[in-house]
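J.:
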Amino acid sequence: MPYEVYGPFESSVEAANIVDNLGLKGLKVENMTVFANEDRSKEMDKLTDVRVEDDGDHSEQKDMMYKLKQMLNNSPDTEEKKSMYEEMLELDLTKEQAQRYTEEVKAGKILVVANPEIRMGQDPAPEYKNLTDPVIEKHE
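In this note's numbering, the protein residues as written are 25 to 164.
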């Protein structure tokens, strides 16, 4: 199932409310992405725990979270930041959608993209105990 797009929103509060509502419906923050311009992305970082992609050029200065992520993943610092358009394409948006939403985000609107297939409580549990099995085995 493709990702679902919410927005674009005029205010960061509206977008944060959608993120909260999706969380209440069981969507994990790891499966949501917020797209905002550079100024609005800072607001969204403060209001949510969701990954925020912005249109800024971070080639000269990378934020602390990016550096920490690189260090924890033992990744070289040579990875180029993808454009917002490319990020949207990776989330299964069509080229037309990605182009239109990129323009709207650069104009100051906020977009929330989420994968509705993956929700809390749907994680596979390969090794589970059958509830009919005795919990404590008696040895006589």
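Ideal Cβ placement from N, Cα and C applies to all residues, glycine included.
From the DSSP secondary-structure annotation, give me the bridge partner or partners of residue 114.
T.: For residue 114, which the question treats as bridged, DSSP gives no partner whatsoever.
J.: Report yes if the C-beta distance between residue 71 and residue 138 is below 9 Å; otherwise report no.
T.: Cβ atoms of residue 71 and residue 138: not closer than 9 Å.
J.: DSSP puts residue 56 in a beta bridge; with which residues?
T.: According to DSSP, which records beta bridges pairwise, residue 56 is partnered with 138.
J.: Report the three-state DSSP secondary structure of residue 47 (helix, strand or coil).
T.: Of the three classes helix, strand and coil, the one that applies to residue 47 here is helix, per DSSP.
J.: Run through DSSP, which three-state label would residue 37 get?
T.: Three-state DSSP puts residue 37 in a helix.
J.: Looking at the strands, I want to know which residues DSSP matches up with residue 78.
T.: Answer is 60, bridged to residue 78.
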